[in-house]
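The block underneath contains the structure these notes are about, expressed in structure tokens.
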Amino acid sequence: MATARVNLKNVQGDLIDGLQKRVEAFLFIVLKSDLTSISDFRQHLKSNIFPLITSAQDVIDNQRKIDDSKKNKKPGDPKISLPITETNIGFSATGLLKMGLNSDELPTGVFATGQKTDAINNLGDPIDPSTKKLSTWSSDFLSHSIDLVILITAPDQTLLDQKINQVKGFLKNSISSSFILQGNVRPGSQAGHEHFGFLDGVSNPKLQDINSHSNDQKAGIVKPGVILLGQVDDQGNNPLTPKEQWMKDGSIMAFRQLKQLVPEFDSFCAQAAQSAKSLTSDLIGARIVGRWKSGTPIELAPTQDNSNLIGAQNFDYSDDLSQAKCPYAAHIRKTNPRNGLSGADPTTAVLPHLMVRNGIPYGPELTASEQKSKKTIENRGLLFVSYQSQLENGFQFVQQLWCNNINFPPKSTVKVTPGFDLLIGQTSNQAPRVASNIIPKGTAGDSDPNNTLTALQQFIVPLGGEYFFMPSLEAIKTKLTL
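Pasting the structure below:
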């Protein structure tokens, strides 16, 4: 799986291949600010939390153990999950300052000001016009300046609860307040799929000289510095100042709790299909996302799903500048236009903006009453996690300048405005969002020559989030515990 120019024993495990997860807890912590409590936290971080931290190499080794266990399983043997739990830790800007670091030692930009401010100024999260405050964020994120997050994964709830209680026990004298968000892999055939039903994480970039991958550049191969600080990125640099050297091999996490309005999305696709002569709701959904629910890209299978192409990456948009197969507004084309930007070199225009995403669904499955009423009752969605060396090149850039930007991708050969990414594109005033060519040409009649589709509501609602620095194991052992 890996040949290491980067020391994988020094990189936290979720940053590359992702922690092993059937269930995952995000333990958000506000530390006490007095010196005695911070000293107590440092001591427990060094003595009790650090030994639990899972490196990228540990993830590889644990996966081998799981694979070997499956190979050695005989017919008729009961299904047994290995009792493997994995743990990672990240610190917000406020948390690092509480730990005694100076502001010039921290990542700069929107990391330093936090996601609350970024959500108002740049991300397009809904804002109450009367109060100018975030209108959909939960009190957990609005009422606290979160200092750190601890990620804990396990194969079952019992092991997860045991590990959570162990960690909270170590830190009980240092914590001012805390809360937990938990995600679960969806059951049965929906494992790996998010709640709208689409296979998730298919287009994660591969890190050069780290991940195993084909030599096909269409697969999205990036230099390690796109994800890890202090490593060479796709523009040939990623320098750290002397005061920032402690951040080498770390990464910045963007965490978002995203509520998904599944029955409303399904109803929207069904209504669009009915209005557009002989289309199915599955095809409308696939054109909004850019892949069929199976994970097959519509660029390779534009009219019907193909089980032989599930998760395929060997495609680009170089021969589809007219968006005949995949709309410009499709989610995966908005978030990774590959080499489909007319006249632009993807090495500089696209690859530096790719992120490693290792989120997990949360909440119950869709209920019969929700399906019948076409209204969301239960809180379900995605605990979104992305890793990048710079937020301004990664998550923030993609959300603000690609997904929320009705004029992206630019220089299209079709003289229409591409419109919003109808999946995650946002308007802070929650105005209707329009996307072009979701309904293919020739199916909508002559009434709308631009083939636009209008969504009167957002199908993904942000409930909160924060930015966290995920330090290397060396940094935890030295900079953050001495």
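Residues in the sequence shown are numbered consecutively from 1, following full-length UniProt numbering. Beta carbons: idealized from backbone N, C-alpha and C, even for Gly. Please read all numbers here as calculations on a predicted model, not as lab measurements.
Whole-angstrom C-beta distance between residue j and residue i, which should lie under 8 Å
i    : j    : result
I180 : L27  : 5 Å
D147 : F91  : 7 Å
F111 : Y467 : 5 Å
E194 : K374 : Incorrect: roughly 19 Å between the Cβ atoms, too far for contact.
H353 : G394 : 6 Å
T475 : G250 : Reading off the sequence, residue 475 comes out as Ala, not Thr. Yes, A475 and G250 are in contact; Cβ-Cβ is about 6 Å, under 8 Å.
L160 : V23  : 5 Å
S189 : V30  : The Cβ separation is near 40 Å, so there is no contact.
Q182 : A25  : 5 Å
T55  : L8   : Before going further, note that residue 55 is Ser rather than Thr in the sequence given. Indeed they touch by this definition, with Cβ atoms about 6 Å apart.
H331 : I424 : 7 Å
I89  : I164 : Not confirmed; about 14 Å, so no contact.
Residue burial classification, residue i (beta-carbon count within 10 angstroms, cutoff 16)
i           : result
E453        : The sequence given here places Leu at residue 453; Glu does not occur at that position. Classification of L453: buried, given that the 10 Å Cβ count is 16 or more.
T478        : exposed
Q457        : exposed
T296        : buried
D446        : With a pLDDT of 42 at D446, under the threshold of 50, the predicted position of this residue should be treated as unreliable, though the coordinate-derived value follows. Per the 10 Å Cβ criterion, exposed.
L142        : exposed
R5          : exposed
S214        : Confidence at S214 is low in this model, with a pLDDT of 49, below 50, so the placement of that residue should be treated as unreliable; the coordinate-derived value is given next. Flag for S214 reads exposed.
residue 483 : Any answer about residue 483 is impossible in this case: the structure gives the chain only from 1 up to 482.
Q43         : exposed
D14         : buried
Q245        : exposed
G18         : buried
L45         : buried
R64         : exposed
N451        : buried
P76         : The question names Pro, but residue 76 is Gly in the sequence shown. G76 comes out exposed.
N211        : buried
P187        : exposed
Q371        : exposed
Q271        : exposed
G464        : buried
residue 485 : A query on residue 485 cannot be resolved here, the shown segment of the chain reaching from 1 to 482 and no further.
M1          : Confidence in M1 is poor, its pLDDT being 42 and thus under 50, which makes the residue's placement unreliable; the coordinate value appears in the next sentence. The residue is exposed, with fewer than 16 neighbouring Cβ atoms inside 10 Å.
Bridge partner(s) assigned by DSSP for residue i
i    : result
Q388 : I252
P327 : Its beta-bridge partners do not exist; DSSP assigns none.
G465 : R256
P297 : R291
T454 : V434
G419 : A435
L473 : Paired residues: none, contrary to the question.
L134 : I127
G90  : V149
I221 : K206
I460 : Q260
Whether residue i touches residue j by CB criterion (7 Å)
i           : j    : result
N238        : S389 : yes
G359        : K293 : no
N404        : G124 : yes
G381        : K259 : yes
L341        : P409 : yes
V222        : P205 : yes
F255        : V385 : yes
M470        : Q20  : no
K325        : E299 : yes
I406        : F420 : yes
S437        : Q323 : The sequence as given places Asn at residue 437; Ser does not occur at that position. Yes.
I227        : Y387 : yes
K248        : D104 : no
A329        : A435 : yes
K98         : S33  : yes
N10         : L473 : yes
R338        : D316 : yes
residue 494 : P126 : Within the shown structure, residues of the chain are numbered from 1 to 482, placing residue 494 beyond reach of any answer.
P224        : L240 : no
T335        : V398 : yes
I53         : T87  : yes
D128        : S135 : yes
A273        : I284 : yes
R357        : G220 : no
At 3 residues or longer, and completely inside the segment 150-214: list those beta strand (DSSP E) runs for me, N to C. 175-184
Let me know the beta strand (DSSP E) ranges lying completely inside the segment 10-73, each 3 residues or longer, listed in chain order. 23-31
At 3 residues or longer, what runs of the beta strand (DSSP E) sit wholly inside the segment 348-398? 360-362 and 381-388
Contiguous alpha helix (DSSP H) assignments of at least 4 residues, all confined to the segment 92-122: 93-98, 110-113 and 115-118
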